[in-house]
Every structure is written in structure tokens, then in C-alpha cells.
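Position one of the sequence shown corresponds to residue 1 (UniProt numbering), numbered consecutively onward.
Virtual Cβ for every residue (Gly too), placed ideally from N, Cα, C.
In this text, all values refer to a predicted model and were calculated from it rather than measured experimentally.
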Amino acid sequence: MATKKAEPTFEEALNQLELIVRELEQGDIPLEQALGSFKEGIGLSQFCQKKLADAEEMLTKIMNEEGQEVVFQESEGVNV
1 MATKKAEPTF
11 EEALNQLELI
21 VRELEQGDIP
31 LEQALGSFKE
41 GIGLSQFCQK
51 KLADAEEMLT
61 KIMNEEGQEV
71 VFQESEGVNV
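Next comes the structure, spelled out in C-alpha cells:
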């Protein structure tokens with residue numbers, strides 16, 4: 001039976017994404033491997049963006065000065 005991988009932490013995903021970017025920037029990997037790495041990098045980027053958006057939403061709710069829950073609205077220019 002196949003086991004599911006545990007979801008990485010934000011820091012683990014970001015570190016993996018940085019490794020992939022460095023690998024792709026060097027340009028000395030075969031095309032098929034580069035495409036696979038690029039696809040993995042896109043997934044990691046989306047994962048990190050989601051984690052950051054979730055953290056921002058939580059902080060916005062916590063930091064309301066009047067003690068009321070604040071309705072979070074995604075800022076313009078953020079692509080998730």
C-alpha cells in the first residue's frame with residue numbers, strides 16, 4: 001500500500017523551491033529533468049503562496065485593534 005508523504009512545512013517547501021531555482025538557473029540539466037523540476041517548482045510556489053495568504057489572514061483577524069474579527073480581503077496584484 002502506498003503511503004502519503006507528510007505535507008512539508010513552509011520553510012521546507014521554500015528551501016526546496018530555492019534549490020530548484022538554482023538548479024534551473026545553472027542550466028546544465030537535461031530538458032526533461034528541467035521540465036519536471038519547473039513543474040515541481042510551480043507546485044511549491046503555489047503551496048508557499050497559500051501558506052503565506054493563510055498566515056496573513058490569521059494575523060489580520062488577530063490584530064484588529066477593536067477586538068472584532070476583521071474580514072480579510074485579498075490585496076490586488078497577488079496571484080494565488
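Next item on the list: Can you check the stretch 12-38 for any alpha helix (DSSP H) of at least 4 residues that lies completely inside it and give the ranges in chain order?
Entry: none
Item checked: Backbone CA spacing between residue 15 and residue 48 [nearest angstrom] -> If I take the Cα positions, the gap works out to 11 Å.
Next item on the list: Drop a sphere of 10 angstroms on the beta-carbon of residue 20, count the other beta-carbons inside from all chains shown, and report buried for 16 or more, exposed for fewer.
Entry: Looking at its Cβ environment, which holds 16 or more other Cβ atoms inside 10 Å, residue 20 is buried.
Next item on the list: With distances taken Cα to Cα, identify the nearest neighbour of residue 46 among 13, 22, 36.
Entry: The candidate whose alpha carbon is nearest that of residue 46 is 13.
Checklist line | Exposure label - residue 44; buried when at least 16 CB within 10 Å | finding: In the assembly as shown, residue 44 is a buried residue. Its beta-carbon has 16 or more other beta-carbons within 10 Å.
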